[in-house]
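Read the structure below first, then the notes.
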Amino acid sequence: MAQMTMIQAITDALRTELKNDENVLVYGEDVGQNGGVFRATEGLQDEFGEDRVFDTPLAESGIAGISLGLATQGFRPVPEIQFFGFVYEAMDAINGQMARLRYRSGNTMNAPVTIRSPFGGGVHTPELHADSLEGLIAQQPGMKVVIPSGPYDAKGLLIQSIRDNDPVVFLEHMKLYRSFREEVPEDEYTLELGKANIKREGNDVTLIAYGAMVQSSLKAAEELEKDGIDAEVIDLRTVMPIDFETIIKSVEKTNRVVFVQEAQRQAGMASYVVAQIQERAILHLEAPILTVAAPDTVYAFTQAEEVWLPNYNDIIEKVNKVINF
2 MAQMTMIQAI
12 TDALRTELKN
22 DENVLVYGED
32 VGQNGGVFRA
42 TEGLQDEFGE
52 DRVFDTPLAE
62 SGIAGISLGL
72 ATQGFRPVPE
82 IQFFGFVYEA
92 MDAINGQMAR
102 LRYRSGNTMN
112 APVTIRSPFG
122 GGVHTPELHA
132 DSLEGLIAQQ
142 PGMKVVIPSG
152 PYDAKGLLIQ
162 SIRDNDPVVF
172 LEHMKLYRSF
182 REEVPEDEYT
192 LELGKANIKR
202 EGNDVTLIAY
212 GAMVQSSLKA
222 AEELEKDGID
232 AEVIDLRTVM
242 PIDFETIIKS
252 VEKTNRVVFV
262 QEAQRQAGMA
272 SYVVAQIQER
282 AILHLEAPIL
292 TVAAPDTVYA
302 FTQAEEVWLP
312 NYNDIIEKVN
322 KVINF
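When the letters of the sequence shown are read in order and numbered with the numbering used here, they come out as residues 2 to 326.
Below, the structure is given as structure tokens:
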């Protein structure tokens, strides 16, 4: 089994599906000979040709619009939005059109589009490049939103996303691209969308996270263990749909919850998940559910982002509050 970074696992998944299905098309700004701004598509144009891996103009609305058109003609488009902060230009095609096509057409048409995009902070990109905008997409019925936390998940979830018959936004946290390696099977495999992963078993408190905050939560859990606190860490893997079955089982066991997200408190997924836990399992709670999130401001300039971003110390502080409530 190969040791891969997350960017290598993503390239491997794209290559797998380009080989498997001639209707898969990969395109976006600089994804051809340049291999994309983070080199996720490096070498794919040489291997599969300019008809299947190609550059587009710098126009996100056009990238998303052509994706919908191609999908209705039998293709499986995998466009790249170079940084997810630029998705505002493409929102009508995504949330206004792709998400509604199956319902609007009486289930006679669908939009098997997988939109890949880097997002997230901690790598000193300019403001607007690092925003966590998953909440904007997840609130639109008809959309699926996938956020892997490591190389193994990235390959399995991306292959499954491309094979899915509904539109998927696949968000890749920039800080995770090359931060660590993991064993990744060289053969193809898939991971179910909408199924969370228990990254660490525990009995005292449930930490629910996604993306880069999974790694911060695992680090916090290691530190908490030194103080005798046994934290369970759930990686949502997909933030829409959400695996509430796994979440509620964990809540019934630990009776305490801290939700961890990089997005601002008013954005992200915390509000929805916390509300659902209150509805489904309030009698199992022995303390209020607390949230670790970024402040409700525009994403910070690079000089301040390490202060602005949530970290494992913030998680430890909130866990101690729910434990000692």
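Beta carbons: idealized from backbone N, C-alpha and C, even for Gly.
Q) How many whole angstroms separate the CB atoms of Arg103 and Val25, which I take to be in contact at a CB cut-off of 8 Å? A) Locating residue 103 in the sequence shown gives position 102, where the first residue counts as 1. Locating residue 25 in the sequence shown gives position 24, where the first residue counts as 1. With a Cβ gap of about 20 Å, Arg103 and Val25 do not count as contacting.
**Q.** Strand pairing of Met241, partner residues [DSSP]
**A.** As a working note, residue 241 is residue 240 in the sequence shown. Met241 pairs with Val146.
Q. What's the call for Phe302, buried or exposed, on a 16-neighbour Cβ count within 10 Å?
A. Here residue 302 is taken as the residue at index 301 of the sequence shown, counted from 1. With fewer than 16 Cβ atoms within 10 Å of its Cβ, Phe302 is classed as exposed.
Q: Compute the distance between the beta-carbons of Thr292 and Arg257, then report whether it is under 8 Å.
A: Within the sequence shown, numbered from 1, the residue matching residue 292 stands at position 291. Within the sequence shown, numbered from 1, the residue matching residue 257 stands at position 256. Not in contact: Thr292 and Arg257 (Cβ atoms no closer than 8 Å).
(Q) Let's test the definition: count the other Cβ atoms within 10 Å of the Cβ of Asn166 and tell me whether it reaches 16, buried, or not, exposed. (A) Your numbering for residue 166 matches position 165 in the sequence shown. Asn166 is exposed by the Cβ-count criterion.
Q. What whole-angstrom Cβ distance do Gly86 and Asp132 have, given they're in contact under 8 Å?
A. The residue given as residue 86 occupies position 85 in the sequence shown. The residue given as residue 132 occupies position 131 in the sequence shown. Confirmed, Cβ separation roughly 5 Å.
Q) Near Ala41, what residues of its chain come up, given a Cβ to Cβ distance below 6 Å and the 5 sequence neighbours on each side ignored? A) Taking the first residue of the sequence shown as 1, we reach residue 41 at position 40. Taken in chain order, the residues that qualify are Ile8, Ile11, Thr12.
Q) Thinking C-alpha only, which one of Lys196, Val261, Lys156 is nearest Tyr313? A) Here residue 313 is taken as the residue at index 312 of the sequence shown, counted from 1. Minimum Cα distance to Tyr313 is reached at Val261.
Q) Can you tell me the Cα-Cα spacing of Ala197 and Ile209, whole angstroms? A) In the sequence shown, the residue the question calls residue 197 occupies position 196. In the sequence shown, the residue the question calls residue 209 occupies position 208. In a straight line, the C-alpha of Ala197 is about 10 Å away from that of Ile209.
Q | Element boundaries [beta strand (DSSP E), containing Gln262] | A | For the purposes of this step, residue 262 is identified with residue 261 of the sequence shown, where counting begins at 1. From DSSP, the beta strand (DSSP E) with Gln262 extends over 258-265.
(Q) Nearest by alpha-carbon distance to Glu187: which of Ser162, Lys156, Gln216, Gly203 is it? (A) As a first step, residue 187 is located in the sequence shown; it is residue number 186 there, counting from the start. Closest by alpha carbon: Lys156.
**Q.** Cα-Cα separation between Ala3 and Glu202, rounded to whole angstroms
**A.** In the sequence shown, the residue the question calls residue 3 occupies position 2. In the sequence shown, the residue the question calls residue 202 occupies position 201. For Ala3 and Glu202, the distance between alpha carbons rounds to 26 Å.
Q) With a cut-off of 8 Å, does the C-beta of Ala14 fall near any C-beta of chain C? A) Absent from the structure: chain C. Only one protein chain is present.
Q) If you pair each beta-carbon of the region 124-142 with each one of the region 221-232, do three or more pairs fall below 8 Å? A) no
Q) By Cβ distance below 7 Å, which residues in the same chain neighbour Ala72 in space, the five residues on each side in sequence not counted? A) Along the sequence shown, read from residue 1 onward, the residue named residue 72 stands at position 71. Same-chain partners within the cutoff: Pro78, Ala112, Pro113, Val114.
Q) By a C-beta neighbour count over all protein chains shown, 10 Å radius and 16 as the cutoff for buried, is Phe326 buried or exposed? A) The sequence position of residue 326 within the sequence shown is 325, counting from 1. So Phe326 counts as exposed.
Q: Compare the C-alpha of Val320 against each of Tyr211, Gly229, Glu23 and name the closest.
A: In the sequence shown, residue 320 corresponds to position 319, counting from 1. For the residues Tyr211, Gly229, Glu23, the minimum Cα distance to Val320 belongs to Gly229.
Q: Please name the residue, chosen from Val308, Thr255, Gln83, that lies closest to Val234 on a Cα-to-Cα basis.
A: Residue mapping note: residue 234 aligns to position 233 of the sequence shown, counting from 1. Answer by Cα proximity: Thr255.
**Q.** According to DSSP, residues forming a beta bridge with Leu208
**A.** Along the sequence shown, read from residue 1 onward, the residue named residue 208 stands at position 207. Paired residue(s): Val234, Val259.
Q. Is the CB-CB distance between Met99 and Pro142 below 8 Å?
A. For the purposes of this step, residue 99 is taken as the residue at position 98 of the sequence shown. For the purposes of this step, residue 142 is taken as the residue at position 141 of the sequence shown. Against a cut-off of 8 Å, the Cβ pair of Pro142 and Met99 comes out as no contact.
Q) Just reading off the beta strand (DSSP E) that Gly29 is part of, what are its end residues? A) Sequence index remark: in the sequence shown, residue 29 carries index 28 (1-based). Start and end: 25-29.
Q | Proximity winner among Glu253, Ile283, Gly212, relative to Pro311 (alpha-carbon distances) | A | For the purposes of this step, residue 311 is identified with residue 310 of the sequence shown, where counting begins at 1. Comparing Cα positions, the closest option is Gly212.
Q. Considering only the beta carbon of each residue, do Asp52 and Asp31 sit closer than 8 Å?
A. Reading the sequence shown from its first residue, position 51 is the one you call residue 52. Reading the sequence shown from its first residue, position 30 is the one you call residue 31. No; because the gap between Cβ atoms is not below 8 Å, this pair is not in contact.
(Q) Report the CB separation of Leu158 from Pro152 in whole angstroms; it is logged as a contact under 8 Å. (A) On the sequence shown, residue 158 is found 157 positions in, with the first residue counted as 1. On the sequence shown, residue 152 is found 151 positions in, with the first residue counted as 1. About 11 Å separates the two Cβ atoms, so there is no contact after all.
Q. Of the choices Ile290, Glu253, Val308, whose alpha-carbon is the least far from that of Thr298?
A. The count along the sequence shown starts at 1 and reaches residue 298 at position 297. With distances taken between Cα atoms, Thr298 lies closest to Val308.
Q. So, is Arg105 buried or exposed, given that buried needs 16 or more other C-beta atoms within 10 angstroms?
A. Against the sequence shown, residue 105 aligns to sequence position 104. Exposed, since its Cβ has fewer than 16 Cβ neighbours within 10 Å.
Q) Exposed or buried, which one is Met175 when buried takes at least 16 other CB atoms within 10 Å? A) Working through the sequence shown from its first residue, we reach residue 175 at position 174. Met175 comes out buried.
Q: Assuming Asp231 contacts Asn204 (C-beta within less than 8 Å), just tell me the rounded distance between them.
A: By one-based count along the sequence shown, residue 231 stands at place 230. By one-based count along the sequence shown, residue 204 stands at place 203. The Cβ separation is near 5 Å, so the contact holds.
Q. Span of the alpha helix (DSSP H) holding Glu306?
A. Along the sequence shown, read from residue 1 onward, the residue named residue 306 stands at position 305. It spans 306-309 - the alpha helix (DSSP H) in which Glu306 sits, taken as one unbroken run.
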